[in-house]
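Quick notes on the structure that follows.
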Ligand SMILES: [Zn+2]
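In the numbering used here, the protein residues as written are 10 to 263.
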């Protein structure tokens, strides 16, 4: 068994992140399972060292210990940064294509991507037979119309929820979905605790798991928890301006 904390260093952590850390650490304790720290910086274009420092500071303030992963920010940047593994993820994508993962290159802009509908990207790239040109085109997977993925008791219509989602970005970086599956496979993660807002991502990752040879990702136990919201009921997002750390408050928010 193994659980992991997987924060993204793209801003200072908020109460929702601490809530997730607390629930994950608690489940690991209950199961007697080791905990890994995995800092997801593969596509963190906004990475700043303070954000990574904030992760370590928060975990220490919450008294959460992990058995696998970087000890501190220097160790992270030198030995654990996913930015050093871009070629590894690229090789994994090419291997997945060889194993039958259907993909196509997409030249649509970010704005066009946002409106992508079931059956392909909004620009119709599925039928254009473009070449994957690093820095010019993204790579999308073909999600067949009607594709339903089971996540525990829930069913997700992946074609409606995600469409043909991106596995390799236009700026020549791996997309989160691919990175997460490869990392969870390599870590041998068995239990994944994340916010309910990531349910559709979970479905996308289970879909990818078959081609990336990651049966543990397809068979993992998923816990999707409710989100902590701000006082107006809105979703919290990372702050890029200030760190607001109150020791121990993360353990009181469940
Ligand atoms: Zn396109």
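Backbone N, C-alpha and C define an ideal beta-carbon position, used for all residues, glycine too.
### Task
Quickly, what does DSSP pair residue 115 with across the bridge? List them, please.
Assignment of beta-bridge partners to residue 115 by DSSP yields 147.
### Query
Is the stretch 108–119 in contact with the stretch 135–144, if contact means three or more CB pairs nearer than 8 angstroms?
Short answer: they touch.
### Task
Please determine, among 209, 152 and 201, the residue with the shortest C-alpha to C-alpha distance to residue 165.
Ranking the options by Cα distance to residue 165, first place goes to 209.
### Task
Starting from the Cα of residue 238, find the closest Cα among 211, 168, 206 and 230 and give me that residue.
Of the listed residues, the one whose Cα sits closest to residue 238 is 206.
#### Entry: Min CB distance residue 87 to chain C below 8 angstroms
Protein chain content of the structure displayed is limited to a single chain, and chain C is not contained in it.
### Query
Is residue 144 near ligand 1, going by C-beta to nearest heavy atom under 7 angstroms?
Flag unset: Cβ of residue 144 not near ligand 1.
### Query
Near ligand 1, which residues have their beta-carbon less than 5 angstroms from any of its heavy atoms, given in chain order?
For ligand 1, the selected residues are 115, 117, 130, 132 and 134.
### Query
Taking DSSP as the reference, what is the three-state secondary structure of residue 97?
In the displayed model, residue 97 falls within a helix according to three-state DSSP.
### residue 108 versus residue 220: straight-line alpha-carbon distance, rounded
Rounded to whole angstroms, the separation of the alpha carbons of residue 220 and residue 108 is 6 angstroms.
### Query
Are the stretch 28–42 and the stretch 193–203 touching by the rule of at least three beta carbon pairs closer than 8 angstroms?
Three or more Cβ pairs drawn from the stretch 28–42 and the stretch 193–203 lie within less than 8 angstroms of each other, which places the two stretches in contact.
### Message
Between which two residues does the alpha helix (DSSP H) holding residue 58 run?
### Response
Per DSSP, residue 58 belongs to the alpha helix (DSSP H) from 58–70.
### Query
Going along the chain, which residues of its own chain have a beta-carbon closer than 8 angstroms to the beta-carbon of residue 76, five neighbours each way excluded?
Counting only Cβ-Cβ distances below 8 angstroms, and skipping sequence neighbours, we find 43, 44 and 45.
#### Entry: Candidates 95, 20, 18 and 172: closest to residue 154 by CA position
Shortest Cα-Cα distance from residue 154 to any of 95, 20, 18 and 172 involves 172.
### Message
Please state whether the Cβ-Cβ distance between residue 98 and residue 191 is less than 8 angstroms.
### Response
Going by C-beta atoms, residue 98 is nearer than 8 angstroms to residue 191.
### Nearest-angstrom beta carbon gap, residue 194 and residue 147 [assumed within contact, 8 angstroms]
At roughly 22 angstroms, the Cβ-Cβ gap does not stay under 8 angstroms, so residue 147 and residue 194 are not in contact.
### Message
Taking the alpha-carbon of residue 215 as reference, which of 235, 187, 145 and 169 has the nearest alpha-carbon?
### Response
When 235, 187, 145 and 169 are compared, the shortest CA-CA separation from residue 215 is found for 187.
### Task
Measure the CB-CB distance between residue 16 and residue 49 and report whether it falls below 8 angstroms.
Residue 16 is a Cβ neighbour of residue 49, given a cutoff of 8 angstroms.
### Query
Applying the criterion that 16 or more other CB atoms from any shown protein chain within 10 Å of the CB defines a buried residue, is residue 144 buried or exposed?
Around the C-beta of residue 144, fewer than 16 other C-beta atoms lie within 10 Å, and the residue is accordingly described as exposed.
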